[in-house]
Amino acid sequence: MSASPTNLEVQGNLMRVPPPKELNRSVERRRSSEEAQKPVIRRPVNVSVPRKPAATNTTKPATTTMKGDESAAMKAKIVSLEDEIRRLKRRIEELEKDIVELQKQMKTKDKRITDLTKENDDLKKRVNFFLFFLF
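Written out as structure tokens, the structure is:
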């Protein structure tokens, strides 16, 4: 993945925001330090091997479905955020068009004001000229 100024990567119709690099590094450091700190459990030779209870096998599918539910919820959140991003982008484009239109209107009004000011000055000169000849 290339680093872009917006930190977004376009994949088809979907956009994905990668996690910050600092977060990935800290997670990797934490995992490596946890693995280094795990004590090695050694059993004495004369002790029998303890058997795992059967209940642990039934909890595995429950945890995998929980993870599946969590991932589905995250996917739904991502989709809704992507929709909101698209909606906001459209709104920004509309506002930019409105700004351009308002700037055009402002220019035409400024031009009209300058034209009317010139016309007013000309009329004042004419009035002064006629008043000069009358009196």
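Residue numbers (the UniProt record's numbering): 1 to 135.
Virtual Cβ for every residue (Gly too), placed ideally from N, Cα, C.
Since the structure is predicted, the reported quantities are computational estimates derived from the model, not experimental observations.
Residues of its chain near residue i, where Cβ-Cβ distance is below 7 Å and the 5 sequence neighbours each way are ignored
i: P5; result: Residue placement at P5 is poorly supported in this model, since its pLDDT is 49, which falls under 50; the coordinates are not used for a value here.
i: K89; result: none
i: F133; result: none
i: L131; result: none
Cβ shell of residue i (< 6 Å), same chain only, five flanking positions each side left out
i: D122; result: none
i: K124; result: none
Same chain, Cβ closer than 8 Å to residue i, five either side skipped, listed in chain order
i: K111; result: none
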